[in-house]
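Start counting the sequence shown at 86; every next residue gets the next number (our numbering). Glycine included, C-beta positions come from ideal geometry on N, C-alpha and C.
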Amino acid sequence: MTPRLGILLFAHGARDPAWALPFQAVAQRLTSRTAEHQGDAPAMVTLAFLEFMSPDIGTAGDQLAAQGCTEVTVVPLFLGAGGHVRKDLPRLIGELAQRHPQVNWRLSPAVGETDILIQGMADAAWSLAQPPADTTAP
Numbered sequence: 086m087t088p089r090l091g092i093l094l095f096a097h098g099a100r101d102p103a104w105a106l107p108f109q110a111v112a113q114r115l116t117s118r119t120a121e122h123q124g125d126a127p128a129m130v131t132l133a134f135l136e137f138m139s140p141d142i143g144t145a146g147d148q149l150a151a152q153g154c155t156e157v158t159v160v161p162l163f164l165g166a167g168g169h170v171r172k173d174l175p176r177l178i179g180e181l182a183q184r185h186p187q188v189n190w191r192l193s194p195a196v197g198e199t200d201i202l203i204q205g206m207a208d209a210a211w212s213l214a215q216p217p218a219d220t221t222a223p
């Protein structure tokens, strides 16, 4: 039997609904990418939050397990691996593993610790630091 893959994106959450927009965009782009690269059985992608927003990681993980995912990678959408990523997240994944022992739960590094995102942030900072183009020239 082919494993059904799941990707659980995990973000902090905030009271302001607009805060989640970039994370929702990440989930949408990742969903499109998995559909392009995996054909008939793309990975299931979901977004969960630590606090203030829903779904929480337990609910999102339960949904992935109910949809038949047998391999789930939890990707922390955090710039660094602080206490939430190092302490809270392993505990929460452990709770999911107890409820769904048929699923292999894997925790990836925080995205902010990857070379690709560090380079992307440096490129963005450089771009944003450039003076505006002179629009007064003929």
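Would you mind giving the Cβ-Cβ distance between residue i and residue j, rounded to the nearest angstrom? I have them listed as a contact below 8 Å.
i	j	result
residue 94	residue 131	7 Å
residue 91	residue 129	5 Å
residue 112	residue 89	About 18 Å separates the two Cβ atoms, so there is no contact after all.
residue 187	residue 155	6 Å
Taking the alpha carbon of residue i as the reference point, which residue from the options has its own alpha carbon closest?
i	options	result
residue 98	117, 119 and 136	136
residue 232	162, 125, 145 and 96	Residue coverage of the chain in this structure runs from 86 to 223, which leaves residue 232 outside it and unanswerable.
residue 158	191, 173, 200 and 179	191
residue 198	140, 160, 145 and 187	160
residue 123	87, 100 and 143	87
Expressed to the nearest angstrom, what Euclidean distance is found between the alpha-carbon atoms of residue i and residue j?
i	j	result
residue 196	residue 206	11 Å
residue 147	residue 194	22 Å
residue 144	residue 204	33 Å
residue 119	residue 208	26 Å
residue 171	residue 164	13 Å
Under 6 Å Cβ to Cβ from residue i, same chain only, skipping five residues before and after it: list those, please.
i	result
residue 96	108, 134 and 162
residue 177	142
residue 140	133
residue 166	195
residue 115	130
residue 185	150
Can you give me the Cβ contacts of residue i inside the same chain, cut-off strictly under 7 Å, excluding the 5 residues immediately before and after it?
i	result
residue 152	129
residue 149	91, 93, 129, 131 and 157
Grab me the residues of residue i's own chain with a C-beta within less than 8 Å of its C-beta, minus the 5 sequence neighbours each way, in chain order.
i	result
residue 100	137
Check: Is the region 96 to 112 close to the region 133 to 149, with three or more CB pairs under 8 Å?
Finding: The region 96 to 112 is in contact with the region 133 to 149.
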